[in-house]
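When we follow this note's numbering, the leftmost residue of the sequence shown carries the number 42, and every step to the right adds one. No residue lacks a Cβ here, since even glycine has one placed at the ideal position from N, Cα and C. What follows is a short report on a single structure.
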Amino acid sequence: MQNQKEKDRPSPTQCFVPEHVIEHYNLFQKEGTASRIVTKEAFEKYGIGKPGLGKTEFFSRKSDIDDILMLLREEQAKKLGIPIKQLEKDGLVRIDFDLSKKDVKIEMPSGNEWGANDQWIPGGILPDGNLEVIIRTEGLIENTHYTIKYLK
Numbered sequence: 042m043q044n045q046k047e048k049d050r051p052s053p054t055q056c057f058v059p060e061h062v063i064e065h066y067n068l069f070q071k072e073g074t075a076s077r078i079v080t081k082e083a084f085e086k087y088g089i090g091k092p093g094l095g096k097t098e099f100f101s102r103k104s105d106i107d108d109i110l111m112l113l114r115e116e117q118a119k120k121l122g123i124p125i126k127q128l129e130k131d132g133l134v135r136i137d138f139d140l141s142k143k144d145v146k147i148e149m150p151s152g153n154e155w156g157a158n159d160q161w162i163p164g165g166i167l168p169d170g171n172l173e174v175i176i177r178t179e180g181l182i183e184n185t186h187y188t189i190k191y192l193k
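Have a look at this one:
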């Protein structure tokens, strides 16, 4: 599935047993918050979601982002599975989604999402083993569904 051309990858529900997907979701719901960090430039260009249907965006568990932000930039890039230049280019923005809100729905990524790159791994797992989900951000409201924090 990883080697398939982007946009041709099957739905995670076709590749994983329902119990795996539910267990994955439960690990996020248990924390209550899904988080991501992006460059300030990307945030100013796209906002909280990338172009495309539903304005989907990749998110990690809050505790994983907390741990990543304690690391040096080189280690942050490895943990997030994105090029270091993307992290170093500009300041960072942290976005935290409140998963207790009924409009905030998490999904297992398929790899067909806008922004999925060649480091994408099936099953909602980042290169270091941390977990990821997507959230359809379209229509969600700051300070109701999510908060934004500018970082250095």
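ask   = Can the beta-carbon of Ile175 be found closer than 9 Å to that of Phe57?
value = no
Run of the beta strand (DSSP E) containing Leu133, from where it starts to where it stops = 133-139
query = Lys130 and Thr74: beta carbons closer than 9 Å?
reply = no
key: C-alpha gap between Leu172 and Lys190, whole angstroms   = 22 Å
Given 8 Å, three or more beta-carbon pairs between the segment 104-116 and the segment 143-150 = no
key: Per-residue DSSP class, three states only, for Leu192   = strand
key: Rounded distance between the beta-carbons of Tyr187 and Ile136, thought under 8 Å   = 6 Å
message = Suppose you measure from the CA of Ser151 to the CA of Pro168; what does that come to, to the nearest Å?
response = 15 Å
query = Between Gly132 and Lys126, what straight-line distance do the alpha-carbon atoms span, to the nearest angstrom?
reply = 12 Å
task = Please report the residue range of the alpha helix (DSSP H) in which Trp176 lies.
result = Note that residue 176 corresponds to Ile in the displayed sequence, not to Trp. Segment 173-177 is the beta strand (DSSP E) holding Ile176; no alpha helix (DSSP H) there.
Own chain residues within Cβ distance below 8 Å of Ile166, not counting five before or after = Leu172, Glu173
ask   = Just curious, the alpha helix (DSSP H) that Glu98 is in, first and last residue?
value = Run containing Glu98: none in the alpha helix (DSSP H); it sits in the beta strand (DSSP E), 97-102.
query = Which value, in whole angstroms, describes the spacing of the CA atoms of Glu72 and Asp49?
reply = 32 Å
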